[in-house]
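Colleague: Here the numbering used here = 1-based position in the sequence shown + 468.
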Amino acid sequence: MAGLAAEVPELETYIASLPSGFLLPMGNLGSGGMFIGILASFFAVEVYRFTQKSGFKISMPPQVPSSVVRSFEALTPTAVVLVAVAAVTMFLGIDVHTIVSKMVSPLVSATDTLPSVLVIIFLEVFFWSFGIHGVSIVGSLARPLWLVLLEGNTSAYVAGETVIHTAAEPFYQWFVRIGGCGATIGLAILFAFFAKSAYGKALGKTSIIPAVFNINEPMIFGAPIVMNPMLVIPFIVTPLVTGTIAWIVTQLGWVNHVVASAPWTLPGPIGAFLACGSDWRAAVLNLVLIALSVVIYYPFFKMYGNSLKAEEQEEG
Numbered sequence: 469m470a471g472l473a474a475e476v477p478e479l480e481t482y483i484a485s486l487p488s489g490f491l492l493p494m495g496n497l498g499s500g501g502m503f504i505g506i507l508a509s510f511f512a513v514e515v516y517r518f519t520q521k522s523g524f525k526i527s528m529p530p531q532v533p534s535s536v537v538r539s540f541e542a543l544t545p546t547a548v549v550l551v552a553v554a555a556v557t558m559f560l561g562i563d564v565h566t567i568v569s570k571m572v573s574p575l576v577s578a579t580d581t582l583p584s585v586l587v588i589i590f591l592e593v594f595f596w597s598f599g600i601h602g603v604s605i606v607g608s609l610a611r612p613l614w615l616v617l618l619e620g621n622t623s624a625y626v627a628g629e630t631v632i633h634t635a636a637e638p639f640y641q642w643f644v645r646i647g648g649c650g651a652t653i654g655l656a657i658l659f660a661f662f663a664k665s666a667y668g669k670a671l672g673k674t675s676i677i678p679a680v681f682n683i684n685e686p687m688i689f690g691a692p693i694v695m696n697p698m699l700v701i702p703f704i705v706t707p708l709v710t711g712t713i714a715w716i717v718t719q720l721g722w723v724n725h726v727v728a729s730a731p732w733t734l735p736g737p738i739g740a741f742l743a744c745g746s747d748w749r750a751a752v753l754n755l756v757l758i759a760l761s762v763v764i765y766y767p768f769f770k771m772y773g774n775s776l777k778a779e780e781q782e783e784g
């Protein structure tokens with residue numbers, strides 16, 4: 469390595485500028501390097517695809533085992549990726565991490581606003597209203613931004629600094645998607661304890677336990693909520709209300725900001741308590757929002773329950 473560095477002055481200068489000993493740029497291995505990782509993955513895949521289609525790769529005789537052939541074929545795209553990345557970051561001295569970070573910072577900031585939160589909530593429940601997994605669709609786009617916000621909160625919390633971000637993903641999990649997308653734990657409670665129709669009682673018994681652990685497919689497809697105008701309205705309104713209240717309460721400092729990603733299958737108060745850095749007020753807020761979801765769902769549940777009861781009486 470020393471001989472190669474002596475032959476290449478730029479490399480020698482770069483190596484001399486590094487701190488002594490083995491050192492990894494830890495700041496780039498967290499959420500700050502996530503977008504670079506995504507871009508690097510796209511680049512690496514495209515390089516591999518190019519070498520496969522163009523035949524620009526090391527070919528082996530047919531007698532060579534396929535596992536060995538694949539290993540040699542991977543050498544060319546690997547070398548191309550390494551040389552290209554090294555040329556940009558080492559020889560040209562371009563700080564790609566800083567450039568990309570500045571480019572996405574407005575998007576990250578925009579994600580951490582109440583209008584953005586409401587748009588994301590609406591899209592999640594809107595897709596679910598048609599039987600499409602809204603969290604998977606919206607989350608696939610927003611999750612890199614959520615992780616940046618969460619990592620910033622976690623780092624500040626560990627360092628004893630002020631935590632400033634509100635709209636990281638645990639915020640949605642414990643104050644918006646309580647019992648599942650649409651805050652359907654309120655509807656599950658109503659069906660479990662107040663249903664008068666035989667079908668409603670059976671649905672309540674089936675859905676209440678999963679709802680405690682934030683699984684609401686039995687309710688979404690069993691009630692059903694999907695394509696059901698009577699239940700879609702509170703399904704959309706409830707999380708918008710709970711999200712707005714949770715945002716205001718967090719901004720006022722009455723509840724800590726989320727600083728950890730607790731397992732999403734935990735019961736709501738426990739998950740909120742852990743996600744907010746063991747803040748008991750978060751558990752209380754979660755319980756209050758659950759009660760609020762029951763109140764919002766109740767008139768629609770009452771109408772739907774009456775229709776179910778009338779249908780059973782006609783059939784019986």
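Where is the CB? At the ideal position from N, CA and C, for every residue including glycine.
On the CB-based measure, 16 or more other CB atoms within 10 Å of its CB, does residue 509 come out buried or exposed?
Modeller: Result: exposed.
Colleague: How many angstroms separate the CA atom of residue 676 from the CA atom of residue 686?
Modeller: Each residue's alpha carbon lies about 9 Å from the other.
Colleague: Residue 736 lies in the alpha helix (DSSP H); which residues open and close that run?
Modeller: Counting along the chain, the alpha helix (DSSP H) containing residue 736 begins and ends at 736-743.
Colleague: Quick check on residue 507: buried or exposed, where buried means 16 or more other Cβ atoms within 10 Å of its Cβ?
Modeller: When all chains shown are included, residue 507 counts as exposed.
Colleague: In terms of residues, what are the limits of the alpha helix (DSSP H) holding residue 537?
Modeller: Segment 534-541, the alpha helix (DSSP H) holding residue 537.
Colleague: Going by alpha carbons, who is nearest to residue 567 out of 519, 520, 504 and 533?
Modeller: For residue 567, the nearest C-alpha among the options comes from 504.
Colleague: Residues in the same chain with beta-carbon distance under 8 Å from residue 602, minus the five sequence neighbours each way, listed in chain order, please.
Modeller: 591, 592, 593, 594, 595, 596 and 649.
Colleague: Measuring CA to CA, which of 519, 646 and 612 is closest to residue 732?
Modeller: Among 519, 646 and 612, the Cα nearest to that of residue 732 is on 646.
Colleague: Report buried or exposed for residue 589, applying the criterion of at least 16 other Cβ atoms within 10 angstroms of its Cβ.
Modeller: Per the 10 Å Cβ criterion, buried.
Colleague: Residue range of the alpha helix (DSSP H) that residue 629 falls in?
Modeller: Residue 629 -> no alpha helix (DSSP H), and no H or E assigned at all.
Colleague: Would the segment 741-748 count as touching the segment 697-714 if we require 3 or more Cβ pairs under 8 Å?
Modeller: In short, these stretches do not touch, since the Cβ pair count stays below three.
Colleague: Between residue 522 and residue 713, what straight-line distance do the alpha-carbon atoms span, to the nearest angstrom?
Modeller: Rounded to the nearest angstrom, the two C-alpha atoms are 57 Å apart.
Colleague: Whose CA, out of 615, 519 and 689, lies closest to the CA of residue 600?
Modeller: Looking at the Cα atoms, 689 is the closest of the given residues.
Colleague: Considering only C-alpha positions, which residue in the set 697, 698, 669 and 703 is nearest to residue 684?
Modeller: It is 703.
Colleague: Could you tell me if residue 779 is buried or exposed, where buried requires 16 or more neighbouring beta carbons within 10 angstroms of its beta carbon?
Modeller: When all chains shown are included, residue 779 counts as exposed.
Colleague: Comparing alpha-carbon positions, which option in 665, 538 and 634 lies nearest residue 775?
Modeller: Comparing Cα-Cα distances from residue 775 to each of 665, 538 and 634, the minimum goes to 665.
Colleague: Where in the segment 554-614 do unbroken runs of the alpha helix (DSSP H), each at least 4 residues long, occur, reported from the N-terminal end onward?
Modeller: If we require 4 residues or more, the alpha helix (DSSP H) runs fully inside the segment 554-614 come out as 564-579 and 582-596.
Colleague: Which residue spans inside the segment 658-691 form an unbroken alpha helix (DSSP H) run of at least 4?
Modeller: Those alpha helix (DSSP H) runs which fall completely within the segment 658-691 and span 4+ residues are 666-680 and 685-690.
Colleague: Once you ignore the five residues that flank residue 763 on each side, which residues in its own chain have a CB closer than 8 Å to its CB?
Modeller: Counting only Cβ-Cβ distances below 8 Å, and skipping sequence neighbours, we find 654.
Colleague: Measure the alpha-carbon distance for residue 736 versus residue 721 and round it to whole angstroms.
Modeller: Cα-Cα distance, rounded: 20 Å.
Colleague: In its own chain, which residues sit with a C-beta less than 7 Å from the C-beta of residue 755, not counting the 5 before and 5 after it?
Modeller: Closer than 7 Å at the Cβ level, and outside the excluded window around residue 755, lie 737.
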